[in-house]
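Trainee: Residue numbers (this note's numbering): 7 to 108.
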């Protein structure tokens, strides 16, 4: 990583040069300059398959769809780490899934 000699900002690749976005200063790339790119991938939400349900805990919770009083439950951190987890429920009878924010 190289920094601008004039203002101290990071130099970014522009053609065969490195250019400062703040002040416009340019430098020629040398043999030690290389570019690395990382791409962000979307997080996948795990799907609970029939065989995985055997290990899930159950709780007494009323299903809003069929009125059954038993549901599987699990927790997921969906937002940033400083916010609470979300509790998911899935009815043991009709497979309706709903959530509860804490």
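Even for Gly, the Cβ is constructed at its ideal location relative to N, Cα and C.
Keep in mind it's a predicted model, so treat the numbers as computed, not measured.
Taking Cβ positions, are residue 93 and residue 84 nearer each other than 8 Å?
Mentor: Their beta carbons are not under 8 Å apart, which means residue 93 does not touch residue 84 by this criterion.
Trainee: Residue 95 to residue 87, Cα distance in whole Å?
Mentor: Roughly 21 Å separates the two Cα atoms.
Trainee: Do you know offhand how far residue 99's Cα is from residue 105's?
Mentor: Distance between the alpha carbons of residue 99 and residue 105: 17 Å.
Trainee: Closest to residue 19 by CA distance: which of 97, 64 and 36 is it?
Mentor: The shortest Cα separation from residue 19 among 97, 64 and 36 belongs to 36.
Trainee: What is the rounded straight-line gap between the Cα of residue 64 and the Cα of residue 91?
Mentor: About 18 Å.
Trainee: Between the alpha carbons of residue 7 and residue 16, how many angstroms are there, rounded?
Mentor: Approximately 7 Å, taken between the alpha carbons.
Trainee: For residue 71, which option in 61, 28, 101 and 26 has the closest C-alpha, if you only look at C-alpha atoms?
Mentor: Residue 71 has its Cα closest to that of 101, out of 61, 28, 101 and 26.
Trainee: Which residues bound the beta strand (DSSP E) around residue 67?
Mentor: Unbroken run through residue 67: none, as it is neither H nor E.
Trainee: Per DSSP, what are the beta-bridge partners of residue 32 in this structure?
Mentor: DSSP, once it has assigned bridges, lists 25 as partnering residue 32.
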